[in-house]
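Numbering (numbering that gives the first Met the number 0), first residue to last: 0 to 713.
Ideal placement from N, C-alpha and C gives every residue a C-beta, glycine not left out.
Read through the structure below, which is laid out as structure tokens, and then see the notes.
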Amino acid sequence: MAVAGGKKMKKLQERVPLRRTAWMLAEFVVLFLLLALLARRATERDGGAAWRVALVCEAWFTFLWLLNMNVKWNPVRFVTYPENLAERADELLAVDMFVTTADPVLEPPLVTVNTVLSLLAVDYPDAGEKLACYVSDDGCSPVTFYALREAARFARVWVPFCRRHGVAVRAPFRYFSSTPEFGPTDHKFSEDWTFMKILWDNSKSRIGEGFPHLIYVSREKNPRHHHHYKAGAMNVLTRVSAVMTNAPIMLNVDCDMFANNPQVVLHAMCLLLGFDDEIFSGFAQVPQKFYDGLKDDPFGNQLEVIFKKLGNGVAGLQGMFYAGTGCFHRRKVIYGMTPDSIGTGREGTTGSRSSKELQFKFGSSEELKESARNIISGNLTTEPIVDISSRIEVAKEVAACYYENGTRWGQEVGWVYGSMTEDTLTGQRIHSAGWRSTMLETEPLPFLGCTPTGGPACLTQFKRWATGFFEILISQNNPIIATIFKHLQFRQCLSYLSFYVWPVRGFVELCYSLLAPYCLLTNQSFLTKASEHGLNIPLALFLTYNTYTFMEYLECGLSARAWWNNHRMQRITSASAWLLAFLTVLLKTIGLSETVFEVTLKEKSTSDGNGNNDEVDPGRFTFDASPVFIPVTALAMLNIVAITIGAWRAVFRRTEDLRGGPGISEFMSCGWLVLCFLPFVRGLIGKGSYGIPWSVKLKAGLLVAMFLFFSKRD
């Protein structure tokens, strides 16, 4: 319990360490087997180029395992007690809520509207004065604008209804998708009755009902000024909200991520107000969870194990990464303030020199400089702006495409530019300044979003993430530099690296996956044969590692099929999205290409009702002509060819011709990869969206032919 004014205050949050002794022992067993495999490679015979490539790749895998162990070593979770906020109601901070959308086709306005309505209806004292919702429409869509106008009208009946009746799920599309608790079996009658009940309730007095502001923002863009994608949109929202409501806390969510827990803001306040020193809660990140996810996660993108195992582990270090959505930020932290400056009182800003410094950082707007001064100095006692319409012209000024010129926006202030994953980079900058962060988990879950389905959307998402990570890794924003020269802790640095090396993993895993077919084609060996001493090491490593990951999925409440789907998708993602991200950033670095921000589909497709059955099985892999499918298609073809040639040689060639050649291990490796790439094997003979386009097959076939040619030369 905290003490304030001589009175004991009930605790708002609790940091609970999670025991994992058995998991630690298992991780050491895997590490021991990796080291044993390396020792054997280094001390025994040199099997040629394949043997040396295998040594390098296996050393890389050992390094990755050490990074993985570091992340998982000290997991914690945070428990919040929102019921204890009653005695600290006067401390509750105002919150500006940001929703971002960029494409009305890929991100339908109806999805955005439901997210906005769920945010407007959250439970919070004096919501009309302390909450405001800003929607950034980077697509400048008239449809989105019209949808939000209609949503604002509906909100005036929806929000009071939700609060009076304690509605648990406040996104209308979720609320009306199930039979009301009181309702009869006739679903249509239940919906009609509910709508009439809303209208009836709101025909009564609305005394005491707080309704947050709703502000639509579509920023100015110009070809002469880079708009910096989502990071630029977030910085515009930050400036616009600063001159309008200037709340000290900012929540940002993607357009598809609705508030599933109406008390989510109260839970967040428990973390933001519950520490004796606010350095421990620079921001509070919610783990991403999804609604109506496909059974057994066939595309490996529901992130259940990542957030539970790696998320809780990172939370026990310097804090959870910023994931780009579902995050509560302190505005002063986004403004680039450090814990040291707060502690030494440097936040006071008066006089001409301070005014010049504010202009250098924040720009020329007097209103923006004044609002920044209030945030930095902690002067939060000013009266809220009742008529925000009086600030529209000022908001237009700070949203102009040229406003950031000559300022520190995108560098020291706001969301950081320079990466497709602006969220992770911004979170790293916050940690590098010395702040810590927390992870917010509640029951029911705080936010729920939709996850992409089908091959193109899933791999596009993974490619964008990997591209952003590699951009950070090879830039001046590398976390190692931040550890040496700033305040990023060493183990937190290693945690960031475990994600940033995804594209490098793609390249290394490609090299390793080519070894088995290469050996079958050239009558060589890179693995221990069944007749030789030492086969037990790679076999034990294979079984132990897969058992370890399998048990992780079972502990998270997932099925064996979910484990296999995620294992398979990791192999596919590594050889496609991660590999292309690696090549894309390299080409950008040498000036031959530019990275492009690709928006992913935020709504599941359904049958069009015209006999098109492409979406009958939403869990089945779909394809298009994107280059992302070429590497895995080529690998699937190559392994089938290699197994065929290797088997023919084993059956029809003389025994003396097979000495020193491949053994059962190489055949098993190729077979395992074919099994992992089975969706692509089926795609080779599939039709419609379930079949790989001929353009992809031809390009993949050309790559296989080139590999066969160079293998024959060797």
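Nearest to residue i by CA position, among the options, is which residue?
i: E43; options: N545, F525, G323, R570; result: F525
i: G433; options: A151, R14, M336, G700; result: M336
i: L538; options: K360, M667, W414, C326; result: M667
i: D291; options: T643, L701, P617, F628; result: P617
i: V121; options: L109, P171, F676, L147; result: P171
i: G631; options: K360, M268, P678, Q491; result: The amino acid at residue 631 is misidentified as Gly; the sequence shows Val. Checking every option, the nearest Cα to that of V631 belongs to P678.
i: P16; options: N311, A88, M256; result: N311
i: F327; options: F282, A131, I391, D295; result: F282
i: F676; options: D422, P297, T548; result: P297
i: A85; options: M268, L444, F498, A529; result: M268
i: S710; options: R40, L520, Q569; result: L520
i: A126; options: T423, Q262, G299; result: Q262
Per DSSP, which residues does residue i bridge with? Please list them.
i: C510; result: C510 is not bridged to any residue.
i: Y215; result: V134
i: A258; result: F446
i: Q284; result: C326, M438
i: W408; result: V412
i: F289; result: G448
Please state the DSSP three-state secondary structure of residue i.
i: N378; result: coil
i: A150; result: helix
i: K711; result: helix
i: M8; result: strand
i: T605; result: In this predicted model, T605 has a pLDDT of only 34, less than 50, meaning its place in the structure is not dependable; the value taken from the coordinates is given anyway. T605 falls in the coil class under three-state DSSP.
i: A170; result: coil
i: K696; result: helix
i: F622; result: coil
i: N565; result: helix
i: F525; result: coil
i: F720; result: In the structure displayed, the chain extends from 0 to 713; residue 720 sits before or after that span and is not available.
i: H225; result: coil
i: K203; result: Confidence is the limiting factor: at K203 the pLDDT is only 45, short of 50, which leaves the residue's position unreliable, though a coordinate-based value still follows. Residue state, collapsed to three classes: coil.
i: E593; result: coil
i: N373; result: helix
i: A646; result: helix
i: L701; result: helix
i: E403; result: coil
i: G335; result: coil
i: F706; result: helix
i: I691; result: coil
i: Q358; result: helix
i: Y517; result: helix
i: K731; result: Nothing can be reported for residue 731, as the shown portion of the chain is limited to 0 through 713.
If you follow the beta strand (DSSP E) that residue i is part of, which residue opens it and which one closes it?
i: C132; result: 130 to 136
i: E13; result: 12 to 16
i: R76; result: 75 to 79
i: M438; result: 436 to 438
Hey, does residue i have any beta-carbon neighbour from chain D nearer than 8 Å?
i: M705; result: This model lacks chain D altogether, as it is built from one protein chain only.
Starting from residue i, trace the alpha helix (DSSP H) both ways and give me its first and last residue.
i: I586; result: The sequence given here places Leu at residue 586; Ile does not occur at that position. Taken as a continuous stretch (DSSP letters only), the alpha helix (DSSP H) holding L586 covers 578 to 588.
i: D253; result: No alpha helix (DSSP H) contains D253, which is instead part of the beta strand (DSSP E) from 248 to 253.
i: F62; result: 48 to 71
i: Y98; result: Just to set this straight, residue 98 is Val in the shown sequence, not Tyr. First-last for V98: 94 to 100, but that is the beta strand (DSSP E), not the alpha helix (DSSP H).
i: F27; result: 20 to 42
i: C457; result: 454 to 472
i: E421; result: 421 to 431
i: K229; result: 228 to 243
i: A574; result: Premise fails: A574 is in no alpha helix (DSSP H) and is neither H nor E.
i: V680; result: 677 to 682
i: V104; result: Where V104 is concerned, there is no enclosing alpha helix (DSSP H), given that its DSSP letter is neither H nor E.
i: S497; result: 489 to 499
i: M550; result: 535 to 554
i: A394; result: 391 to 397
i: G312; result: 311 to 314
i: I387; result: No alpha helix (DSSP H) holds I387; DSSP gives it neither H nor E.
i: F484; result: 478 to 484
- Check whether the region 629 to 638 touches the region 667 to 678, taking contact to mean three or more Cβ pairs, one atom from each stretch, closer than 8 Å. yes
- Task: Could you say if the region 539 to 556 and the region 499 to 513 meet the contact criterion of at least three C-beta pairs nearer than 8 Å?
- Result: No contact exists between the region 539 to 556 and the region 499 to 513.
- Query: Touching or not, the region 359 to 370 and the region 400 to 416, by the rule of three or more beta carbon pairs under 8 Å?
  - Reply: Taking 8 Å as the limit for Cβ pairs, the verdict is that the region 400 to 416 does touch the region 359 to 370.
- Message: Does the structure place the region 578 to 593 close enough to the region 476 to 485 that three or more beta carbon pairs sit under 8 Å?
- Response: no
- Message: Quick check: the region 128 to 140 against the region 97 to 111, are at least 3 beta-carbon pairs closer than 8 Å?
- Response: yes
- Task: May I ask you to verify whether the region 21 to 41 touches the region 61 to 71, counting CB pairs closer than 8 Å and requiring at least 3?
- Result: Short answer: they touch.
- Does the region 51 to 62 come close enough to the region 31 to 42 to have 3 or more Cβ pairs within less than 8 Å? yes
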